[in-house]
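Trainee: Those protein sequences? They're chains A and B, same order as listed. FYI, this note's numbering numbers position 194 of the first sequence as 256, with every residue one higher than the one before it. FYI, this note's numbering numbers position 148 of the second sequence as 210, with every residue one higher than the one before it.
Protein chains: 2
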Amino acid sequence: MTSLGRVAILGTGQIGTMVGMALRAAPDHAVGEVAVWDRDPAAMEACLRRAGSDRLLRGPEEALGSDLIILATPVAQIVGLVRELGPRLGPRQLLVDTGSSKLDVARAMQRWVPGTAGAVGGHPLCGSSEPGPWSADPALLKGATFVLCPIRDDPFSLGQAGRLVETLGSVALEMDAGEHDRLLARSSHLPHLVAAALAEMSGEVPTSALFSSGLRGAVRLARSDPAMVASFVRANLEEVRAATRELSLQLDRLLAAADSGEERLKAELERARLRARRVGVS
Amino acid sequence: MTSLGRVAILGTGQIGTMVGMALRAAPDHAVGEVAVWDRDPAAMEACLRRAGSDRLLRGPEEALGSDLIILATPVAQIVGLVRELGPRLGPRQLLVDTGSSKLDVARAMQRWVPGTAGAVGGHPLCGSSEPGPWSADPALLKGATFVLCPIRDDPFSLGQAGRLVETLGSVALEMDAGEHDRLLARSSHLPHLVAAALAEMSGEVPTSALFSSGLRGAVRLARSDPAMVASFVRANLEEVRAATRELSLQLDRLLAAADSGEERLKAELERARLRARRVGVS
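#1: Looking only at its chain, what residues have a beta carbon closer than 6 Å to the beta carbon of Leu-230 of chain A, apart from the 5 residues adjacent to it on each side?
#2: Can you tell me which of the three DSSP states Leu-277 of chain B falls into?
#3: Kindly list the residues whose CB is nearer than 7 Å to the CB of Asp-243 of chain A, restricted to its own chain and excluding five residues on each side of it in sequence; keep chain order.
#4: When the Cα of Gly-67 of chain B is compared with those of B:Leu-317, B:Ala-292, B:Ala-223 and B:Glu-262, which residue comes out closest?
#5: Between the C-alpha atoms of Leu-119 of chain A and Arg-214 of chain A, what's the straight-line distance to the nearest angstrom?
#6: Can you tell me which of A:Leu-245, A:Leu-126 and A:Arg-285 puts its alpha carbon nearest to the alpha carbon of Leu-156 of chain A?
#7: Can you confirm whether Pro-176 of chain A, when its beta carbon is compared against all beta carbons of chain D, has any partner nearer than 8 Å?
#8: If the cut is a Cβ gap below 7 Å, which residues of chain B does Lys-204 of chain A touch?
#9: Between which two residues does the beta strand (DSSP E) containing Trp-99 of chain B stretch?
#10: Below 6 Å CB to CB, which residues in the same chain sit around Arg-150 of chain A once its five sequence neighbours on both sides are set aside?
#11: Would you mind reading off the limits of the beta strand (DSSP E) that contains Cys-211 of chain A?
#12: Could you tell me which whole alpha helix (DSSP H) segments of length 4 or greater appear in the segment 195-250 of chain A?
#13: Within its chain, find whatever has a CB closer than 6 Å to the CB of Ala-168 of chain A; leave out the 5 residues flanking it on each side and keep chain order.
#14: For Pro-288 of chain B, go through chain A and note every residue whose CB falls closer than 7 Å to its CB, in chain order.
#15: Considering only DSSP beta bridges, list what Ala-70 of chain A is partnered with.
#16: Are the beta-carbon atoms of Ser-286 of chain A and Ser-274 of chain B separated by less than 8 Å?
#17: With 16 as the cutoff for other CB atoms within 10 Å, does Asp-102 of chain B come out buried or exposed?
#18: When you compare only the Cα positions, how much space is there between Leu-110 of chain B and Pro-288 of chain B?
#19: Go to His-254 of chain B, then tell me how far its alpha helix (DSSP H) extends in each direction, as first and last residue.
#20: Please work out which residues of its chain come closer than 6 Å, Cβ to Cβ, to Thr-207 of chain A, disregarding the five sequence neighbours upstream and downstream, and give them in chain order.
#21: Within a Cβ cutoff of 6 Å, which residues of the same chain sit near Thr-178 of chain A, ignoring the five residues on either side of it in sequence?
#22: Specify, as a first and last residue, the run of the alpha helix (DSSP H) that Val-295 of chain A falls within.
#23: For the putative contact between Pro-122 of chain B and Glu-146 of chain B, defined by C-beta atoms under 8 Å, what is the C-beta separation to the nearest angstrom?
#24: Could you tell me which residues DSSP pairs with Arg-117 of chain A in its beta bridges?
#25: Using a Cβ distance threshold of 8 Å, determine whether the segment 327-343 of chain A contacts the segment 276-285 of chain B, with at least three qualifying pairs required.
#26: Sorted by chain position, which residues of the same chain lie with C-beta nearer than 6 Å to Ser-219 of chain A's C-beta, five sequence neighbours on each side aside?
#27: Can you pull the chain B residues whose beta carbon is under 7 Å from the beta carbon of Gln-312 of chain A, in chain order?
#28: Got a sec, what are the start and stop residues for the beta strand (DSSP E) Pro-186 of chain A sits in?
#29: Interface residues of chain B around Thr-229 of chain A at Cβ under 8 Å?
#30: Here's the rule: buried if 16 or more other CB atoms are within 10 angstroms of the residue's CB, otherwise exposed. What is Leu-311 of chain B?
#31: So within the segment 133-159 of chain A, which uninterrupted beta strand (DSSP E) runs reach at least 3 residues, ignoring any that extend past its ends?
#32: I'd like the list of long-range same chain contacts for Gly-73 of chain B, defined as Cβ closer than 7 Å, with 5 residues on each side in sequence excluded.
#33: Can at least three beta-carbon pairs, one atom from the segment 247-265 of chain B and one from the segment 257-269 of chain A, be found at a separation below 8 Å?
#34: Is Arg-112 of chain B helix, strand or coil when you go by DSSP?
#35: What residue does the alpha helix (DSSP H) around Arg-333 of chain B start on, and which one ends it?
#36: Identify whether Gly-347 of chain B lies in helix, strand or coil by the three-state DSSP scheme.
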């Protein structure tokens with residue numbers, strides 16, 4: 063496998079730290095070194111102690127000394143870092159991010175990264191609900207889908223990003239950034255908001271004796287890191303809004319079926335059950 | 063413990079069968095015999111083979127020979143059975159049901175069961191998503207909340223129903239039937255519809271590679287038995303409709319917070335996280 067060279071990771075939360083750990087544990091010569099930076103010194107130290115990095119950087123601009131720069135901060139900060147570092151990238155340097163919304167990032171990359179350098183949008187679909195470097199587990203990357211969004215016709219950069227994904231043990235899935243955001247609003251971002259709304263409504267129930275295992279499953283996503291969820295919902299707000307409208311229509315449809323009789327509702331629920339089976343067992 | 067006498071269970075699905083199994087396994091003299099009936103002969107036979115009954119009845123009316131009659135059919139059929147059997151109940155005979163909506167049942171009991179006999183609405187909060195006698199597991203009753211809704215001032219009947227709950231190993235929670243339905247719409251019935259709606263929306267996502275463990279949790283309730291869900295949603299439709307409107311308002315509130323900025327949304331999500339923690343871990 064071609065070496066990815068020297069790697070810098072900006073942002074050592076859960077994802078940044080697990081990426082660092084996975085890269086440093088990769089077979090010989092896949093990665094030269096892993097240098098990291100985070101605006102929170104404690105998170106940076108924790109990443110070092112979890113063996114997620116070889117050394118610490120003093121600021122984001124020091125990442126410009128690396129061949130591959132991975133942006134793993136919350137989404138809102140990724141665009142700022144693309145703007146700050148993009149114009150200063152040289153030939154064969156590659157920028158990849160791990161944010162959970164892609165259109166904003168892809169547009170920033172198109173605008174601020176010169177054609178002589180490379181940039182690819184990325185989104186690893188893994189992670190647990192507890193944030194931070196201490197919850198990083200590189201095993202979660204194994205077999206996980208890692209979406210790659212090309213920002214221009216640049217097979218070399220896409221190839222290098224694919225090698226990064228392969229080194230992490232993940233499975234690359236190439237996708238248009240706008241399509242990614244539309245689908246993720248439905249498969250992830252809206253479900254997070256719905257879980258929060260159902261959790262809020264559970265506050266009206268005076269006794270926990272009425273909480274079922276079904277409800278616990280339904281509100282589980284509301285236990286996610288609020289900063290992370292707020293960040294990706296904000297970054298993908300229009301698609302999340304559209305998905306919320308769609309949910310309302312679906313619920314109206316189910317209530318209308320219930321109005322028409324038990325058999326109609328049952329038929330709708332049979333259909334949903336098949337869809338749920340396709341999603342799989344948690 | 064006073065004996066519950068001869069018991070008849072009408073409906074040998076998952077709940078009826080697990081109740082029969084638990085009663086027959088209860089210590090000496092708690093229960094005289096357990097006779098069962100189901101309109102599906104195969105379900106009745108399965109209950110017998112799972113040791114959930116001593117003998118089979120030829121029809122619901124044969125239950126009138128028992129001291130305690132437990133109605134464990136789908137909700138829609140419970141009201142019909144109350145109407146059929148209620149007027150024929152004699153002194154000290156007790157009717158209890160296990161339906162997941164209570165106002166309709168309580169009203170039918172008030173109307174059709176004479177004051178000389180006894181009737182109490184009941185709802186055990188347990189069960190797995192797979193329906194039928196073969197998925198019955200009496201261990202699920204241990205420690206589970208068993209809601210009891212008194213239908214009139216009748217301490218003797220409520221005491222006997224409490225003894226039934228105790229014999230099953232469950233924990234009785236006394237509650238007004240209307241309040242039960244209002245709360246269950248929020249803690250159970252709406253979450254089932256939401257899971258179905260999200261499952262339906264997942265059909266738009268062309269590749270299962272984008273499905274996360276979060277989504278799997280969010281649609282888990284959509285894997286429940288469609289007949290059971292259709293039955294309790296129909297029986298509690300007005301409260302479910304009100305809860306659906308409330309969910310829409312909660313989602314609008316979250317989107318408005320997102321419009322106001324990341325910090326506002328984060329604060330709302332922090333609050334929801336505390337609520338979700340109260341609901342517990344699945």
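Ideal placement from N, C-alpha and C gives every residue a C-beta, glycine not left out. Everything numeric in this text was worked out from a predicted model, so none of it was measured.
Mentor: The answer reads as follows:
#1: Within the first sequence, the letter at position 168 stands for residue 230 of chain A. Excluding residues within five positions, the ones whose Cβ falls inside 6 Å are Ala-84 and Leu-203.
#2: In the second sequence, residue 277 of chain B corresponds to position 215, counting from 1. Leu-277 of chain B falls in the helix class under three-state DSSP.
#3: The count along the first sequence starts at 1 and reaches residue 243 of chain A at position 181. The residues are Ser-163, Lys-164, Leu-165, Asn-298 and Glu-301.
#4: Your numbering for residue 67 of chain B matches position 5 in the second sequence. Selected option, being the one with the closest Cα: B:Ala-223.
#5: By 1-based counting over the first sequence, the position of residue 119 of chain A is 57. By 1-based counting over the first sequence, the position of residue 214 of chain A is 152. So the two alpha carbons sit approximately 30 Å from each other.
#6: For the purposes of this step, residue 156 of chain A is taken as the residue at position 94 of the first sequence. Cα-wise, what sits closest to Leu-156 of chain A is A:Leu-126.
#7: The chain labelled as chain D is not found among the protein chains of the depicted structure, namely A and B.
#8: Residue numbering aside, residue 204 of chain A sits at position 142 when the first sequence is read from its first letter. Ordered by position in chain B, no residue passes the 7 Å Cβ test against Lys-204 of chain A, which lies about 14 Å from the chain.
#9: Along the second sequence, one-based indexing puts residue 99 of chain B at 37. From DSSP, the beta strand (DSSP E) with Trp-99 of chain B extends over 95-99.
#10: Locating residue 150 of chain A in the first sequence gives position 88, where the first residue counts as 1. Leu-126, listed in sequence order.
#11: Looking up residue 211 of chain A in the first sequence gives position 149. 207-212 is the extent of the beta strand (DSSP E) around Cys-211 of chain A.
#12: 217-230 and 239-246
#13: Taking the first sequence and counting its residues from 1, the one referred to as residue 168 of chain A is at position 106. These residues qualify, in order along the chain: Gly-183, Cys-211, Ile-213 and Ala-239.
#14: The sequence position of residue 288 of chain B within the second sequence is 226, counting from 1. In chain order: Lys-328, Leu-331, Glu-332 and Arg-335.
#15: Counting from 1 along the first sequence, the entry for residue 70 of chain A is found at position 8. DSSP output for Ala-70 of chain A lists A:Ala-97 and A:Ile-131 as bridge partner(s).
#16: Reading the first sequence from its first residue, position 224 is the one you call residue 286 of chain A. Reading the second sequence from its first residue, position 212 is the one you call residue 274 of chain B. No, these two residues do not count as a Cβ contact at 8 Å.
#17: Position 40 of the second sequence, counted from the first residue, corresponds to residue 102 of chain B. Under this definition Asp-102 of chain B is an exposed residue.
#18: Counting from 1 along the second sequence, the entry for residue 110 of chain B is found at position 48. Counting from 1 along the second sequence, the entry for residue 288 of chain B is found at position 226. Looking at the two C-alpha atoms, the distance is approximately 25 Å.
#19: Here residue 254 of chain B refers to the residue found at position 192 when the second sequence is read from its first residue. Here the alpha helix (DSSP H) through His-254 of chain B covers 252-264.
#20: As a first step, residue 207 of chain A must be located in the first sequence, where it is residue number 145. The answer, listed in chain order, is Leu-187, Val-233 and Leu-235.
#21: On the first sequence, position 116 is the one that residue 178 of chain A refers to. Around Thr-178 of chain A: Pro-153.
#22: Here the question's residue 295 of chain A lines up with position 233 in the first sequence. Taken as a continuous stretch (DSSP letters only), the alpha helix (DSSP H) holding Val-295 of chain A covers 288-297.
#23: Taking the first residue of the second sequence as position 1, residue 122 of chain B is located at position 60. Taking the first residue of the second sequence as position 1, residue 146 of chain B is located at position 84. Right, the Cβ-Cβ distance comes to about 6 Å (below 8 Å), so this counts as a contact.
#24: Here the question's residue 117 of chain A lines up with position 55 in the first sequence. Arg-117 of chain A pairs with A:Ala-97.
#25: yes
#26: Working through the first sequence from its first residue, we reach residue 219 of chain A at position 157. Closer than 6 Å at the Cβ level, and outside the excluded window around Ser-219 of chain A, lie Leu-156, Gly-180 and Val-182.
#27: Translated into positions along the first sequence, residue 312 of chain A becomes position 250. In chain order: Ala-259, Glu-262 and Met-263.
#28: As a first step, residue 186 of chain A is located in the first sequence; it is residue number 124 there, counting from the start. Residues 180-186.
#29: Against the first sequence, residue 229 of chain A aligns to sequence position 167. Going along chain B, no residue has its Cβ under 8 Å from Thr-229 of chain A, so there is no contact; the nearest lies around 19 Å.
#30: Locating residue 311 of chain B in the second sequence gives position 249, counting from the first residue. The residue in question, Leu-311 of chain B, is exposed, as its Cβ has fewer than 16 Cβ neighbours within 10 Å.
#31: 156-159
#32: To locate residue 73 of chain B, count along the second sequence from 1; it is residue 11. Taken in chain order, the residues that qualify are Asp-100, Leu-133, Ala-134 and Thr-135.
#33: yes
#34: As a working mapping, residue 112 of chain B is identified with position 50 in the second sequence. Coil.
#35: Counting from one through the second sequence, the residue named residue 333 of chain B turns up at place 271. Unbroken alpha helix (DSSP H) run through Arg-333 of chain B: 324-341.
#36: Outside the shown range of chain B (63 to 344) lies residue 347 of chain B, about which nothing can therefore be said.
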